[in-house]
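Visitor: Taken in order, these protein sequences are the chains called A and B. Numbering of the first sequence is given in this note's numbering, commencing with residue 1 and proceeding in unit increments. Numbering of the second sequence is given in this note's numbering, commencing with residue 1 and proceeding in unit increments. The C-beta atom is built at its ideal place from N, Cα and C for all residues, glycine as well. Note that the coordinates shown come from a computational prediction; the quantities given were computed from them, not determined experimentally. Just passing along the structure, written as structure tokens.
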Amino acid sequence: MKDNTTAEVIIRVRGLKNQFGSHVVHENLDLDVCRGEILGVVGGSGTGKSVLLRSIIGLQKPTSGSIEVFGIDVLADAEAARDTLDERWGVMFQDGALFSSLTVRENVEVPMRAIQGLAPTLRRELADLKISMVGLEYLAGDKYPSELSGGMRKRAGLARALALDPEIVFLDEPTAGLDPIGAAAFDDLIRNLSRSLGLTVFLVTHDLDTLHAICDRIAVLADRKVLATGTLEDMLGVDDPWVREYFHGPRARAAFKPSSPDVASGEDP
Amino acid sequence: MMAWLFAKRSNALTMWHIQITLHAAYGTNDRGRMDQQIRMELSEARGEEADHLRLVGALTVNTVSQLYPRLRQLEPDHHTLIDLAAVERMDTAGAWVLCDLETRLLGHGRTLELRNASEETILLLESVRRAMPVKTEPVISARGLVAFLEKIGRAVASGTAFLVELTAYLGQFFDRLARMIRHPHEFRLTALVAHAEDVGLRAVPIVALMAFLIGVVLAFQGSAQLQQFGAEVFVVDLIAISILRELGIFLTAIIVAGRTASAFTAAIGSMKMREEIDAMRTLGLDPATVLFLPRILALLLMLPILGLIANLMGLLGGALMAWIDLGISPSMFRTRLIEGTDVSHVFVGLVKAPFFALIIGVVGCHAGMQVKGNAESLGRMTSNAVVTAIFAVIVADAMFSIFFAQIGL
Chain A
1 MKDNTTAEVI
11 IRVRGLKNQF
21 GSHVVHENLD
31 LDVCRGEILG
41 VVGGSGTGKS
51 VLLRSIIGLQ
61 KPTSGSIEVF
71 GIDVLADAEA
81 ARDTLDERWG
91 VMFQDGALFS
101 SLTVRENVEV
111 PMRAIQGLAP
121 TLRRELADLK
131 ISMVGLEYLA
141 GDKYPSELSG
151 GMRKRAGLAR
161 ALALDPEIVF
171 LDEPTAGLDP
181 IGAAAFDDLI
191 RNLSRSLGLT
201 VFLVTHDLDT
211 LHAICDRIAV
221 LADRKVLATG
231 TLEDMLGVDD
241 PWVREYFHGP
251 RARAAFKPSS
261 PDVASGEDP
Chain B
1 MMAWLFAKRS
11 NALTMWHIQI
21 TLHAAYGTND
31 RGRMDQQIRM
41 ELSEARGEEA
51 DHLRLVGALT
61 VNTVSQLYPR
71 LRQLEPDHHT
81 LIDLAAVERM
91 DTAGAWVLCD
101 LETRLLGHGR
111 TLELRNASEE
121 TILLLESVRR
131 AMPVKTEPVI
141 SARGLVAFLE
151 KIGRAVASGT
161 AFLVELTAYL
171 GQFFDRLARM
181 IRHPHEFRLT
191 ALVAHAEDVG
201 LRAVPIVALM
211 AFLIGVVLAF
221 QGSAQLQQFG
231 AEVFVVDLIA
241 ISILRELGIF
251 LTAIIVAGRT
261 ASAFTAAIGS
271 MKMREEIDAM
281 RTLGLDPATV
291 LFLPRILALL
301 LMLPILGLIA
311 NLMGLLGGAL
321 MAWIDLGISP
331 SMFRTRLIEG
341 TDVSHVFVGL
351 VKAPFFALII
361 GVVGCHAGMQ
371 VKGNAESLGR
381 MTSNAVVTAI
391 FAVIVADAMF
401 SIFFAQIGL
């Protein structure tokens with residue numbers, strides 16, 4: 001496990017406040033994400049997990065607070081500086097958010113069009129590579145999003161997020177709506193890509209299996225802030241009713257129990 | 001796995017260099033954008049078995065387009081050795097270029113050896129190599145005359161199936177209507193009234209204005225022509241016959257088709273999209289009774305009324321224009337209208353209304369039920385419904401014209 005005191009912090013959220021009308025979603029929220037880690041963000045419904053994600057990637061303007069990604073202030077810095085961020089992160093939305101009028105391959109090519117001098121044939125080849133890397137077959141590239149299943153759309157969305165080899169990928173509920181086998185395969189995919197490409201992964205999830213299988217660190221959102229961060233073992237010791245309920249509930253026990261010894265030995269080579 | 005062989009140094013090389021440099025477009029952020037450059041040094045070992053290359057710089061998506069054509073030019077029947085010691089950064093695009101070269105070399109029974117790759121690079125190369133797409137040819141549909149004929153055949157078949165389906169929906173409507181008459185307590189009066197308001201009352205302003213303007217236009221155009229013969233007074237007959245017999249109800253039906261067929265499709269289609277229709281079925285509710293019957297019935301009741309309003313407004317517009325333009329006073333218009341125009345024209349016009357209403361309602365409901373689980377199909381079916389409904393109304397009107405001509409009305 002990584003030592004968070006020495007690792008390079010690439011996302012730094014400080015004093016974040018999000019308010020919709022009189023409803024305060026976040027207040028004084030602090031969060032650090034280190035390079036190369038897989039951070040899982042959990043929390044009950046309505047605790048603003050997706051709002052946090054949208055705030056970091058600049059889709060939601062917070063009421064107050066500061067968000068720095070690679071040292072660039074997402075909220076305050078000049079547009080030119082923020083534009084360089086777009087090719088350094090990739091976002092996978094819940095249902096893939098593929099452009100419905102484009103084929104999967106064309107979807108993956110969209111971010112690559114920003115690269116000057118990249119020939120269309122080469123772009124196509126690279127898009128095919130990304131499609132294959134996320135585990136879709138070659139012919140899926142010619143299909144339109146409406147012709148794909150939910151799991152395939154998520155994979156295609158991930159391929160588009162990875163098109164420019166970003167340093168961070170944001171995943172919004174990557175395994176929601178997938179069957180357990182598909183979800184496990186998606187977990188493996190994320191972990192393998194993260195390891196081989198050196199990706200930092202920020203994922204919002206409800207899936208205890210995902211947390212257990214791939215997350216280096218977990219951040220729990222509750223009471224409008226990050227209540228606790230740490231490894232899964234740390235979470236089991238946190239003294240908070242919701243956290244205890246979440247990590248010691250029957251579903252959690254089922255998810256964590258059977259394979260724990262294997263994973264523990266597998267993680268430390 | 002011996003895919004990436006780390007070969008021993010070769011000696012006695014005849015060196016020549018190719019430099020490719022792509023200058024940074026921006027050099028501001030913390031990565032310094034030094035990765036905008038790649039240089040390939042090609043050391044050709046004549047008389048030996050392998051080409052030796054050295055890559056310097058960053059092998060990333062920003063630079064591959066410079067390197068790729070060069071690697072493409074390499075002879076694929078030489079063993080090739082690439083030194084990666086001076087590669088600062090490599091991403092999947094860069095790794096793909098190397099893997100692509102390897103694939104080509106392997107195709108010719110040659111190998112690619114990579115030397116001095118860092119540990120992460122080896123990992124990256126491995127995962128890209130594992131993911132190299134295996135290209136399969138898509139099934140290409142046949143072309144030529146046979147395919148053309150097949151396309152026509154399919155279009156005819158699907159057109160026929162469409163007509164059959166529409167007939168089935170019409171039959172379903174009559175069946176539910178009959179059941180409703182036998183079991184009146186099952187009928188949803190509130191829904192009927194709500195739909196009647198939506199379909200009828202809310203359409204009154206647009207229909208009235210449209211008909212009024214049509215009357216004005218007819219009077220204006222007719223008077224211009226009839227004045228040449230000194231037959232101005234016949235403008236009354238012209239307006240009365242054309243509006244009462246044809247235009248009043250016909251244009252009303254066109255407007256209602258655009259307004260209501262699309263509304264039916266959108267409402268039923270979005271319920272279909274959210275599986276509400278399926279939920280209804282599992283709860284023992286019949287979509288035809290709950291959704292189609294009140295809608296089509298409301299249309300059936302409202303369209304004749306709208307047609308009547310259109311007739312009145314059309315005559316009003318015509319009379320106004322005839323008065324202004326030709327000096328035919330309203331009372332003279334009235335006398336001429338009553339004497340010169342048979343009441344059968346009103347009958348011939350309004351008798352078409354229920355048929356148009358059925359066409360519009362059935363087309364709208366049918367299109368709504370064809371919506372699949374996504375928003376595009378909802379949009380497509382909505383516009384399909386409007387086009388089909390208007391087209392069908394025109395066809396029906398033409399058939400009525402022939403019918404009435406044959407029976408001499």
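If contacts are defined as beta-carbon pairs under 8 Å, then Asp188/A and Thr210/A qualify, I think. What distance do you get, rounded to the angstrom?
Guide: Wrong, their Cβ atoms sit about 11 Å apart, outside the cutoff.
Visitor: Between Trp323/B and the ligand MN, is the CB less than 8 Å from at least one heavy atom?
Guide: The model depicted lacks the ligand MN and carries no ligand whatsoever.
Visitor: Have a look at the DSSP bridge pairing and note the partners of Ala222/A.
Guide: Per DSSP, Lys225/A.
Visitor: Is Val238/A closer than 9 Å to Gly249/A when the C-beta atoms are compared?
Guide: The answer is no: Cβ separation not under 9 Å.
Visitor: By DSSP's criteria, Lys154/A is part of a beta bridge. Which residues make up the other side?
Guide: Paired residue(s): none; Lys154/A is not in a bridge.
Visitor: Please specify which runs of the beta strand (DSSP E), each continuous and at least 3 residues long, are wholly inside the segment 146 to 220 of chain A, giving them in chain order.
Guide: For the segment 146 to 220 of chain A, whole beta strand (DSSP E) runs of length 3 or above, ordered along the chain, are 168 to 172 and 200 to 204.
Visitor: Please name the residue or residues paired with Asp32/A in a DSSP beta bridge.
Guide: In DSSP, Asp32/A forms a bridge with Arg12/A.
Visitor: How is the alpha helix (DSSP H) around Arg202/B delimited, first residue to last?
Guide: Premise fails: Arg202/B is in no alpha helix (DSSP H) and is neither H nor E.
Visitor: My guess is that Val413/B and Gly222/B are in contact by the Cβ rule of under 8 Å, so how many angstroms apart are they, rounded?
Guide: It is not possible to answer for residue 413/B, since the shown part of chain B is limited to 1 through 409.
Visitor: Can you give the beta carbon distance from Gly307/B to Leu350/B, rounded, assuming they're within the 8 Å contact cut?
Guide: With a Cβ gap of about 6 Å, Gly307/B and Leu350/B count as contacting.
Visitor: Can you list, in chain order, the residues of its chain whose CB lies under 6 Å from that of Asp207/A, leaving out five sequence neighbours each side?
Guide: Excluding positions up to five away in sequence, the list reads Thr175.
Visitor: Determine the burial state of Glu75/B: buried for a count of at least 16 other Cβ atoms within 10 Å of its Cβ, exposed for fewer.
Guide: Exposed, since its Cβ has fewer than 16 Cβ neighbours within 10 Å.
Visitor: Please classify Ile11/A as buried or exposed, where buried requires at least 16 other C-beta atoms within 10 Å of its C-beta.
Guide: Classification of Ile11/A: buried, given that the 10 Å Cβ count is 16 or more.
Visitor: Compare the C-beta of Gln370/B with all C-beta atoms of chain D and state if any pair is closer than 9 Å.
Guide: Checking the listed chains, one finds no chain D in this structure; the protein chains it contains are A and B.
Visitor: Nearest to Val216/B by alpha carbon, out of Val362/B, Val363/B and Asp325/B?
Guide: Residue Asp325/B is the option with its Cα nearest to Val216/B.
Visitor: Going by other Cβ atoms of all chains shown within 10 Å of its Cβ, with 16 needed for buried, is Arg72/B buried or exposed?
Guide: The residue is exposed, with fewer than 16 neighbouring Cβ atoms inside 10 Å.
Visitor: Contact defined as beta carbons within less than 8 Å: I believe Val33/A pairs with Val51/A. What is the distance between those atoms, to the nearest angstrom?
Guide: At roughly 16 Å, the Cβ-Cβ gap does not stay under 8 Å, so Val33/A and Val51/A are not in contact.
Visitor: Using alpha carbons as the reference points, say which of Lys352/B, Leu409/B and Glu137/B lies closest to Leu251/B.
Guide: Comparing Cα positions, the closest option is Lys352/B.
Visitor: Can you name the start and end residues of the beta strand (DSSP E) that Gly65/A belongs to?
Guide: Gly65/A -> beta strand (DSSP E) spans Ser64 to Val69.
Visitor: Give the single residue among Ile239/B, Pro294/B and Met40/B whose Cα lies nearest to the Cα of Leu98/B.
Guide: If we check each option's Cα against that of Leu98/B, Met40/B comes out closest.
Visitor: Does any CB atom of chain A fall closer than 9 Å to the CB of Asp100/B?
Guide: Yes, because at least one Cβ of chain A sits closer than 9 Å to the Cβ of Asp100/B.
Visitor: Three-state secondary structure (DSSP) at Glu113/B?
Guide: Strand, per DSSP.
Visitor: What does DSSP give as the partner residue(s) for Leu39/A in the beta ladder?
Guide: Phe202/A and Arg217/A.
Visitor: Is Gln221/B helix, strand or coil by DSSP?
Guide: Of the three classes helix, strand and coil, the one that applies to Gln221/B here is helix, per DSSP.
Visitor: Pick helix, strand or coil for Met112/A, following the three-state DSSP scheme.
Guide: Looking at Met112/A - three-state DSSP - the assignment turns out to be helix.
Visitor: Helix, strand or coil for Arg143/B, going by three-state DSSP, please let me know.
Guide: Note: Arg143/B maps to coil in three-state DSSP.
Visitor: Ordered along the chain, which non-local residues of its own chain (more than five positions away) have a Cβ less than 6 Å from that of Glu150/B?
Guide: Contacts found: none.
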